[in-house]
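Shown next, in structure tokens, is the structure this report addresses.
Residue numbers (our numbering), protein chains in the order written: chain Y, 86 to 243; chain D, 530 to 669.
Shown next as structure tokens:
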């Protein structure tokens, strides 16, 4: 992915040199045409066309924003409710992600979801220990959300 | 008990670069806007302290092999020499001048000799802060 972006920059600069125009507009023109060429020749690269990864990153960012809003509304509900009916607890979640940054992003997303908080990553980076604000009804729904997060993060690093 | 610092280390690896670039920005903006050598040096030192917190001392010394005492000496020497430089122009000690120079790429830039003095301050602050922290950290 990084190689493709670098190649696209390189093609944009070649376009600027050929057209003898060193403005920002010329750079973007060259970048657009370079992107078209890379898309046409995408079969020759080891990874898929890089714009798909860029779109995946943007999707992840929107998930992040929506979860942030949801989490704060959920906590507000708990604070303002007259009765305390929650049962806190800690559960383990096995993750399939391997790279450091993937696990870091997953942990931060889980911490930002309503009612969950990452406490610890196990020594072999396979299990996340999560504290849930309300353990009975959360468990199943949480696992679903984790799957959606893991999927989104895997899309980025594919 | 040994804990897994994976999340902390990953965030540190990205945050350190942002802190250092911000400290350099503070250092260069000192002439017209708030900032300068002292706060820039403290900010750079804080980035190295963050590295020391996330990784152990050995790793940081292996990757950033700087003799901080020599760094302090260099900074003092630079500050002193900018003061001594005023003698060559027959003006009092530590007089600084500035002028506008047309540089090929940057265009009209004001170059002040106070920046050199500030560089000395910057190096002294980093050197002293890191010397204090490392000597306290290494004593058992």
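Cβ coordinates follow ideal geometry from the N, Cα and C atoms, glycine included.
When D:630, D:535, D:587, D:569 are compared against residue 549 of chain D, the one with the closest alpha-carbon: D:569
As assigned by DSSP and simplified to three states, the class of residue 131 of chain Y: coil
Reduced DSSP category for residue 531 of chain D - H, G, I as helix; E, B as strand; rest coil: coil
Outcome for residue 157 of chain Y when other beta-carbon atoms lying within 10 angstroms are tallied against a minimum of 16: exposed
Proximal chain Y residues relative to residue 535 of chain D, where beta-carbon distance stays under 8 Å: 185, 188, 189, 206, 210
Backbone CA spacing between residue 217 of chain Y and residue 659 of chain D [nearest angstrom]: 41 Å
Simplified DSSP state of residue 216 of chain Y, which is helix, strand or coil: strand
Candidates D:547, D:552, D:647, of which the one nearest residue 605 of chain D by Cα: D:647
Closer than 8 Å at the beta carbon, the chain Y residues around residue 532 of chain D: 205
Beta-carbon separation (whole angstroms), residue 555 of chain D vs residue 577 of chain D, contact threshold 8 Å: Wrong, their Cβ atoms sit about 16 Å apart, outside the cutoff.
Cβ-based contacts, 8 Å cut-off: residues of the region 535-568 of chain D near chain Y: 535, 536, 538, 539, 540
Given 8 Å, three or more beta-carbon pairs between the region 615-631 of chain D and the region 650-666 of chain D: no
Rounded distance between the beta-carbons of residue 219 of chain Y and residue 171 of chain Y, thought under 8 Å: 4 Å
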